[in-house]
Amino acid sequence: MSTTAAIASVETPIRKYELGRPIIRREQRLTFEAIHRAIAQTWSESMADFLQGNVKLQFEGLDFGAFSSVAVDESPSAQIVLFSIASTPINGFMMLSGALAQFLVGGRLAMGSAPEDQSATRFTRIEGAIARETTRSMLGRLGEAYAVAGLGAVANIRECDDLADSFLFEPDESLALLRFRISGTGKDLSLLIALSGSIVAALAEHQPTVVTDGDTRAAIIDVVRRLPIEVEVVLGSWRASIAELMRLQVGDRIVLPDGEDAWLAARSIRIRPASIEIRASGATIDIL
Amino acid sequence: MMFTTVVDAVLARAKMPLEVVAALSPNDRLEVEPPAGSHLLVQLIAEGQIIALASVEVVDGLLIATIVENHLSNGPGLAGRRIDQWKRNKAMTTA
Numbered sequence: 135m136s137t138t139a140a141i142a143s144v145e146t147p148i149r150k151y152e153l154g155r156p157i158i159r160r161e162q163r164l165t166f167e168a169i170h171r172a173i174a175q176t177w178s179e180s181m182a183d184f185l186q187g188n189v190k191l192q193f194e195g196l197d198f199g200a201f202s203s204v205a206v207d208e209s210p211s212a213q214i215v216l217f218s219i220a221s222t223p224i225n226g227f228m229m230l231s232g233a234l235a236q237f238l239v240g241g242r243l244a245m246g247s248a249p250e251d252q253s254a255t256r257f258t259r260i261e262g263a264i265a266r267e268t269t270r271s272m273l274g275r276l277g278e279a280y281a282v283a284g285l286g287a288v289a290n291i292r293e294c295d296d297l298a299d300s301f302l303f304e305p306d307e308s309l310a311l312l313r314f315r316i317s318g319t320g321k322d323l324s325l326l327i328a329l330s331g332s333i334v335a336a337l338a339e340h341q342p343t344v345v346t347d348g349d350t351r352a353a354i355i356d357v358v359r360r361l362p363i364e365v366e367v368v369l370g371s372w373r374a375s376i377a378e379l380m381r382l383q384v385g386d387r388i389v390l391p392d393g394e395d396a397w398l399a400a401r402s403i404r405i406r407p408a409s410i411e412i413r414a415s416g417a418t419i420d421i422l
Numbered sequence: 407m408m409f410t411t412v413v414d415a416v417l418a419r420a421k422m423p424l425e426v427v428a429a430l431s432p433n434d435r436l437e438v439e440p441p442a443g444s445h446l447l448v449q450l451i452a453e454g455q456i457i458a459l460a461s462v463e464v465v466d467g468l469l470i471a472t473i474v475e476n477h478l479s480n481g482p483g484l485a486g487r488r489i490d491q492w493k494r495n496k497a498m499t500t501a
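Chains as they are written, first to last, in my numbering: chain A, 135 to 422; chain B, 407 to 501.
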C-alpha cells in the first residue's frame, strides 16, 4: 500500500504541450496516407526493371516530429534533396539512406547488391550521378502525385550534403514525416519524406468535397475518383544508348514505332493498350 | 560500358478525371488534332525527362520524327512544350 510520501517521491514525467504541433483530422490523415501509399507503388513499378530480388518500396506510415528529432543518415552515399511547394510556405526534403542509394545504383548498373560494409563508401562520379538522377526521378513522381492531389507544385529542388546546414527548418519545427522502406533484405533500405506540418492542412484547402462522418471510406474513394490524372498517349518505346541520345541534333530524323502496339499511360504506368493511326490532319487512338 | 535507356514517344497528354480513365474501354476512340497550320508533335522522353520534341509525318508508310527541339543540348530537366492537342470521343467505332 502506498503512502502519500511514497507517491510524492515518484517523479512523473512532465510532457510539454506542443503548441506548434499541427491538428489533423482523421480524414485528412487517411487521404494523405493513401496518396503516399500510391506513391510507393508508383516508385516500385517505375523501378521494377532494376529493383533487385523483385522487392518493393512500401509506405510505413505518417507521424509528426520536430526537425531536431529526425535521424540523419550520415553515410557518404545517402541522398538528400530539398524542395518546396510553390506559392506556399511549405518546405520539405527527401532522404534516401546510404544503403538504399547503394541498392538502387547497384540495380541500375546490374552490379548486384552491395556488401554490408559498402554502404559507408563514397560513390564514384558515375555512381553519384546515377544516384542523383534516380533521386530526382523519384522526386519527379512525387511532384506529379502532389500536383494530381492538389497539394501544389514541387519546386526549388536542390541537392544537399548536410541537412543541418540547409537552414530549411527551425530545430523545433514540427514536420510531417513519411517513412518508406524496402523490407526483407537485412539492410536499412529506408526513405524519408519530411514536410512542413501544415502540408496536411493544405490538402484540405484544396479538397472542396466535404467528407462526412458517416461513411469515411466511401467519401475518400469518392474524392479520389474525381481527382484529375495526367494521361499520356505513347506511340511506343525503344532502347537507345545515352551516347546516341547525346548526339541528337535538330533536324535529325528517327523512325518511330508504327503505333500498332501503343498504350495509354498514367505516371509511366501502362493503363490501356491502344492502336494509333497517324494521318496528315492528326491521329486516331483506338483503345484495345 | 555502354549505358542505355528506354525512350518513350509521347504523342499527347491530357488531364482526365480518374473515373473517366477507369471507364475507358475497348472500341473507345481518342482523336489527336494539332493546332491549325501546325505539325503533329511527339515528345521523346527518357527517365521521366523530355529529351527532344519532334514533328511527325508518314513517309513511305513509316512514321518519321524530325527533331525540332533538342533539350539534351540545353541541359537536362528542361520542361518541353506541352502537346495539348487531343480530344476524346467515347465509343465512336463499331462497338
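C-beta: ideal position from N, C-alpha, C; glycine also.
Original post:
Secondary structure at residue 221 of chain A, three-state DSSP: helix, strand or coil?
Top reply: coil
**OP:** Measure how close the beta-carbons of residue 265 of chain A and residue 239 of chain A come, nearest whole angstrom, since I'm counting them as under 8 Å.
**Re:** 5 Å
**OP:** Consider the Cβ of residue 413 of chain A: report whether some Cβ of chain B lies at a distance smaller than 9 Å.
**Re:** yes
**OP:** May I ask you to list the residues that DSSP assigns as paired with residue 423 of chain B?
**Re:** A/362
Original post:
Which residues of chain A have a Cβ atom closer than 8 Å to the Cβ of residue 457 of chain B, listed in chain order?
Top reply: 379, 382
Original post:
Does the beta carbon of residue 422 of chain A come closer than 9 Å to any beta carbon on chain B?
Top reply: yes
Original post:
Are any of the Cβ atoms in chain A nearer than 9 Å to that of residue 454 of chain B?
Top reply: yes
Original post:
Roughly how many angstroms lie between the CA atoms of residue 361 of chain A and residue 466 of chain B, to the nearest whole one?
Top reply: 42 Å
Original post:
Is the CB-CB distance between residue 375 of chain A and residue 275 of chain A below 9 Å?
Top reply: no
Original post:
In chain A, which residues lie less than 7 Å from residue 414 of chain B when you measure between Cβ atoms?
Top reply: 368, 371
**OP:** Determine the closest residue to residue 295 of chain A out of A/204, A/405, A/215, with distance taken between C-alpha atoms.
**Re:** A/215
Original post:
Is residue 421 of chain A near residue 400 of chain A, with beta carbons less than 9 Å apart?
Top reply: no
**OP:** Return the residue from the list B/463, B/408, B/416, B/410 that minimises the CA-CA distance to residue 365 of chain A.
**Re:** B/416
Original post:
Count the other CB atoms within 10 Å of the CB of residue 380 of chain A; is the residue buried (16 or more) or exposed (fewer)?
Top reply: exposed
Original post:
Hey, which unbroken runs of the beta strand (DSSP E) at 3 residues or more fall wholly within the stretch 250-296 of chain A?
Top reply: 288-293
Subject >> Bridge partner(s) assigned by DSSP for residue 409 of chain A >> reply: A/420
Subject >> Whether residue 398 of chain A touches residue 419 of chain A by CB criterion (9 Å) >> reply: yes
Original post:
Distance, Cα to Cα, residue 450 of chain B vs residue 410 of chain B?
Top reply: 15 Å
Subject >> Opposing strand residues paired with residue 318 of chain A [DSSP bridges] >> reply: Paired residue(s): none; residue 318 of chain A is not in a bridge.
**OP:** Taking only beta carbons into account, state which residues of the stretch 282-293 of chain A come closer than 7 Å to chain B, listed in chain order.
**Re:** none
**OP:** Using three-state DSSP, classify residue 310 of chain A as helix, strand or coil.
**Re:** strand
**OP:** Would you be able to state if there are at least three C-beta pairs under 8 Å between the stretch 185-204 of chain A and the stretch 298-313 of chain A?
**Re:** yes
Original post:
In terms of DSSP beta bridges, what is residue 476 of chain B paired with?
Top reply: B/458
Subject >> Residue span of the beta strand (DSSP E) that contains residue 328 of chain A, given as start and end >> reply: 324-330
Original post:
Taking 9 Å as the CB-CB cut-off, is residue 422 of chain B touching chain A?
Top reply: yes
Original post:
Would you say residue 386 of chain A reaches chain B, if we count a Cβ-Cβ gap shorter than 9 Å as a contact?
Top reply: yes
Original post:
Under a three-way DSSP split, which group does residue 181 of chain A fall into?
Top reply: coil
**OP:** Quick one: give me the first and last residue of the beta strand (DSSP E) that residue 389 of chain A is part of.
**Re:** 387-389
Subject >> Sequence-distant residues of its chain with Cβ nearer than 6 Å to residue 330 of chain A (five each side left out) >> reply: 224, 225
**OP:** Identify the contact partners of residue 239 of chain A in chain B, using a Cβ-Cβ distance below 8 Å as the criterion.
**Re:** Correct list: empty, because the minimum Cβ distance to chain B is about 13 Å.
**OP:** Using three-state DSSP, classify residue 371 of chain A as helix, strand or coil.
**Re:** strand
Subject >> residue 430 of chain B - DSSP class collapsed to helix/strand/coil >> reply: coil
Original post:
If you draw a straight line from the C-alpha of residue 427 of chain B to the C-alpha of residue 438 of chain B, how long is it?
Top reply: 16 Å
Subject >> CB contact below 9 Å: residue 275 of chain A versus chain B >> reply: yes
Subject >> Length of the line joining the Cα atoms of residue 189 of chain A and residue 363 of chain A >> reply: 26 Å
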